[in-house]
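Q: So that you can map any letter, position 69 of the sequence shown is 139 in the numbering used here, and since no number is skipped, the others follow by simple counting. Positions of the beta carbon are idealized from the N, C-alpha and C atoms, including for glycine. Quick caveat: nothing in here was measured; it's all calculated off a predicted structure. This is the structure, below, for whatever I ask next.
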Amino acid sequence: MIGCDCAVCRSPDPRDQRLRSSIYVETPECSWVVDTGTDFRTQALRENIRDVDAVVFAQSPTAMRDLKRVFQFAFENPNPFPGYLKPEPHEIDRPFELGATVITPLPVPHGNSIVNGYLFSRDGEKLVAYLSDCSGVPNAIVDLIAGVKVLIIDALRDKPHPTHLSVGQALEAAARVQPEATYFTHIAHELPQAAESRLPARAHIAYDGLKLSL
Numbered sequence: 071m072i073g074c075d076c077a078v079c080r081s082p083d084p085r086d087q088r089l090r091s092s093i094y095v096e097t098p099e100c101s102w103v104v105d106t107g108t109d110f111r112t113q114a115l116r117e118n119i120r121d122v123d124a125v126v127f128a129q130s131p132t133a134m135r136d137l138k139r140v141f142q143f144a145f146e147n148p149n150p151f152p153g154y155l156k157p158e159p160h161e162i163d164r165p166f167e168l169g170a171t172v173i174t175p176l177p178v179p180h181g182n183s184i185v186n187g188y189l190f191s192r193d194g195e196k197l198v199a200y201l202s203d204c205s206g207v208p209n210a211i212v213d214l215i216a217g218v219k220v221l222i223i224d225a226l227r228d229k230p231h232p233t234h235l236s237v238g239q240a241l242e243a244a245a246r247v248q249p250e251a252t253y254f255t256h257i258a259h260e261l262p263q264a265a266e267s268r269l270p271a272r273a274h275i276a277y278d279g280l281k282l283s284l
């Protein structure tokens with residue numbers, strides 16, 4: 071955080087230096103990004119990302135409205151600036167496929183609003199549940215993702231927060247879901263990477279550049 075001298079912001083551990091939450095998914099058929107915040111260019115250069123076939127947003131339709139407002143020219147037909155990508159927006163309200171991956175939207179509370187998490191499945195197997203920005207996990211969502219291989223879940227800090235899960239709340243949600251492994255994301259500067267040592271064996275604190283193969 072700019073201007074902060076806390077232990078995490080001054081930490082020599084590079085895993086404590088975090089940009090905005092996002093994931094890049096590669097499959098044999100295609101690749102995509104979930105959320106492209108203002109750090110995306112830096113992240114893409116750092117991780118040598120060269121191909122993006124789709125972008126999936128957690129805060130749709132708000133994100134799409136904002137994109138159309140800021141980049142209105144890109145959605146015009148014809149695009150007055152042909153060097154820019156011509157977006158093909160789709161509002162996500164049901165499962166869809168990217169290649170052989172089925173992506174199921176998971177509506178979850180974010181304070182008083184609703185945002186989407188996502189379940190990624192292949193060949194009927196639940197591989198990843200991505201709940202990066204939420205303040206609760208309803209029972210209906212738990213039922214959908216129960217037994218998933220990897221749960222990636224919001225865990226802002228130890229103290230409660232009105233729009234995000236705390237570490238304790240994230241652990242409680244993971245206990246209900248029973249994934250093979252849990253990774254915390256959307257982490258504030260109150261939670262150092264070293265805190266992973268006090269988590270249960272299958273719970274981890276994610277960090278920038280982490281790679282998982284499934």
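Taking the alpha carbon of GLU242 as the point to measure from, which residue in LEU137, LEU269, LEU261, THR106 has its own alpha carbon closest?
A: Working through the sequence shown from its first residue, we reach residue 242 at position 172. Closest by alpha carbon: LEU269.
Q: Using CA atoms only, rank isn't needed, just tell me which of ARG246, VAL247, ALA245, LEU226 is closest to VAL237.
A: Taking the sequence shown and counting its residues from 1, one reaches residue 237 at position 167. Closest by alpha carbon: LEU226.
Q: Just curious, the beta strand (DSSP E) that LEU197 is in, first and last residue?
A: Position 127 of the sequence shown holds residue 197. LEU197 -> beta strand (DSSP E) spans 195-201.
Q: Give me, in chain order, the residues of the same chain whose beta-carbon lies closer than 7 Å to that of VAL288; leave out the 5 immediate sequence neighbours on both sides.
A: Here the chain has residues from 71 to 284 only, and residue 288 is not among them.
Q: Whose C-alpha, out of THR233, ARG135, LEU284, PRO152, is nearest the C-alpha of VAL198?
A: Mapped onto the sequence shown, residue 198 falls at position 128. Ranking the options by Cα distance to VAL198, first place goes to LEU284.
Q: Tell me which residues share the same chain as LEU280 and place their Cβ nearer than 8 Å to its Cβ, disregarding the 5 neighbours each side in the sequence.
A: Walking along the sequence shown from the start, residue 280 turns up at place 210. The answer, listed in chain order, is TYR253.
Q: Between which two residues does the alpha helix (DSSP H) holding GLY238 run?
A: Position 168 of the sequence shown, counted from the start, is the residue given in the question as residue 238. Per DSSP, GLY238 belongs to the alpha helix (DSSP H) from 237-247.
Q: In angstroms, rounded to a whole number, what distance separates the CA positions of HIS234 and ASP203?
A: Position 164 of the sequence shown, counting from 1, holds the residue named residue 234. Position 133 of the sequence shown, counting from 1, holds the residue named residue 203. Cα-Cα distance, rounded: 6 Å.
Q: Please report the Cβ distance between ASP224 and HIS256, rounded to the nearest whole angstrom; I am assuming they are in contact, meaning their Cβ atoms lie under 8 Å.
A: Along the sequence shown, read from residue 1 onward, the residue named residue 224 stands at position 154. Along the sequence shown, read from residue 1 onward, the residue named residue 256 stands at position 186. At roughly 4 Å, the Cβ-Cβ gap stays under 8 Å, so ASP224 and HIS256 are in contact.
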